[in-house]
Amino acid sequence: MAQSTHTPEVSKYGQPAPIARLFGWFMIAALGAFLINNVLIVAYEMPTAMGFLSDGFSLNGMVTPAIYLIAFIIAAYYVLTNPDNALRYDAAKLHRFNTFVVRAMFWSVFFVGLADAIVAFMRVENIFVAWLGEEQARAFGRSAFVAPYVHMPMIALGIVVAMFTRTLGFTWLALLIVAAELLIVLSRFIFSYEQAFMGDLVRYWYAALFLFASAYTLYEEGHVRVDLIYAGLNNRKKGSVNAIGTVLCGLTTAWVILIVGMAGKTSMINAPIRTFEVSQAGFAGMYIKYQMAVFIGLFAITMLIQFVSYYFDAVADRRDEPGRREISPVSH
């Protein structure tokens with residue numbers, strides 16, 4: 137694990153780097169277009185990117201490539217109209233956006249986890265029947281009701297809270313996992329009470345901790361690196377290695393996850409979302425399995441954005457530009 141020991145002020149202006157900046161912002165544009173098209177293809181049955189060929193250049197078939205074209209034009213316009221923006225400035229901008237996304241996801245899984253666990257407890261113990269009657273109680277047994285009327289408001293609340301906080305929440309999420317595990321132990325061995333939703337909550341939060349923290353770990357140089365050769369390189373050569381590795385390994389891996397995971401309605405990410413899939417525990421468990429599929433996509437999205445930021449910093453290191461962040465390992 138690593139921590140940032142010194143974060144210098146990042147100047148907005150620096151040496152022009154049009155090729156590197158175009159490449160990076162085209163990656164972001166392609167990501168945005170890909171996600172928009174995925175929604176259109178899955179929810180509204182629009183043709184895929186190559187559908188305009190099989191559809192004989194129909195209007196519907198042109199929507200997908202048009203979205204990509206518009207996204208690339210916007211990215212090119214931003215780069216060409218701001219030619220003096222420093223690479224590190226763009227890197228910092230992307231990192232700040234990514235930090236907000238991760239912060240919003242933390243608060244969302246916190247609120248959703250608590251709310252769904254309470255709903256599951258009340259469902260298992262038939263509290264809804266006593267309070268709301270049979271018909272309304274049955275509604276809380278359907279994932280198609282719980283997802284939009286319980287989960288979505290909690291996610292919206294998480295986004296709002298993220299706008300007014302600065303903590304990423306990884307430490308607190310780890311503490312919540314320990315607390316949830318402790319609750320299972322106490323309830324099982326002291327009160328002889330255990331339900332499936334209790335284990336679901338631990339898995340839900342643990343998956344969020346592992347997948348959401350990866351992008352920030354990359355920013356802090358905390359991922360494992362075999363650096364027998366790398367450690368002896370100077371900053372410029374390290375920048376070259378990081379830039380090449382980001383393109384060949386990092387961005388490629390993120391895109392593979394997104395393309396395979398969102399390859400149509402029956403793909404591993406899209407299919408659970410469309411049906412609000414629940415675990416095998418069913419009625420006794422939490423209705424959050426579909427969100428754990430979403431976590432995979434969010435992992436790839438945040439990693440891709442952070443890899444572009446990392447690429448900008450790496451190219452800046454290769455060009456020996458000022459403002460380099462110094463990272464040192466945490467002392468034990």
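Using our numbering, you'd call the opening residue of the sequence shown number 137 and step up by one each time. Using N, Cα and C, we set each Cβ at its ideal position, and we do this for glycine too.
(1) Would you kindly work out how many angstroms separate the C-alpha atoms of Leu216 and Gly277, rounded to a whole number?
(2) For Gly335 versus Arg239, is the C-beta distance shorter than 8 Å?
(3) Quick one: what's Asn221 bridged to in DSSP?
(4) Should the region 329 to 347 be called in touch with the region 248 to 260, which here means at least 3 C-beta pairs below 8 Å?
(5) Less than 8 Å between the beta carbons of Leu309 and Leu354, yes or no?
(6) Helix, strand or coil: which one does DSSP assign to Met182?
(7) If you drop the 5 nearest sequence neighbours on each side, which residues of the same chain put their C-beta closer than 8 Å to that of Ile210?
(8) For the putative contact between Trp413 and Gly150, defined by C-beta atoms under 8 Å, what is the C-beta separation to the nearest angstrom?
(9) With Tyr447 and Val383 assumed to form a contact (beta carbons below 8 Å), what rounded beta-carbon distance in angstroms separates them?
(10) Just tell me which of Leu293, Thr438, Arg460 and Val296 has its CA closest to the CA of Gly375.
(11) Can you tell me whether Asp456 is helix, strand or coil according to DSSP?
(12) Judging by CA-CA distance, which residue of Val178, Trp391, Phe435 and Ile155 is the nearest neighbour of Pro219?
(13) Alpha helix (DSSP H) containing Leu318: first to last residue?
(14) When DSSP labels each residue in this structure, what does Thr410 get in the three-state scheme?
(15) With DSSP as the reference, label Met290 as helix, strand or coil.
(16) Of the residues Glu462, Phe435, Lys148 and Gln416, which one's Cα is nearest the Cα of Asn234?
(17) Gly335 by DSSP, collapsed to three states: which one?
(18) Going by C-alpha to C-alpha distance, which of Ala429, Ile395 and Val396 sits closest to Thr411?
(19) Confirm, please, whether the CB-CB distance from Thr438 to Ser237 is below 8 Å.
(20) Can you give the Cα-Cα distance for Ile395 and Ala222, rounded to whole angstroms?
(21) Considering just the uninterrupted stretch of the alpha helix (DSSP H) at Gly418, what are its terminal residues?
(22) Buried or exposed for Lys425, going by 16 or more other Cβ atoms inside 10 Å?
(23) Let me know the secondary structure DSSP gives Gly277 once reduced to three states.
(24) Are the Cβ atoms of Ala207 and Ala169 separated by less than 8 Å?
(25) Quick one: residues in its chain with C-beta nearer than 6 Å to the C-beta of Gly160, no 5 flanking neighbours on either side, listed in chain order?
Result, derived from the coordinates:
(1) 53 Å
(2) no
(3) Tyr149
(4) yes
(5) no
(6) coil
(7) Ala165
(8) The residue you asked about is not Trp; residue 413 is Glu in the sequence shown. Contact flag wrong, Cβ pair sits at about 47 Å.
(9) 7 Å
(10) Arg460
(11) coil
(12) Ile155
(13) Phe306 to Phe325
(14) In the sequence on display, residue 410 carries Arg and not Thr. DSSP places Arg410 in helix when its eight states are reduced to three.
(15) helix
(16) Phe435
(17) helix
(18) Ala429
(19) Checking the displayed sequence, the identity of residue 237 turns out to be Val instead of Ser. Yes, the Cβ-Cβ distance between Val237 and Thr438 is below 8 Å.
(20) 31 Å
(21) Taken as a continuous stretch (DSSP letters only), Gly418 belongs to no alpha helix (DSSP H), as it is neither H nor E.
(22) buried
(23) coil
(24) yes
(25) Val444, Tyr447 and Phe448
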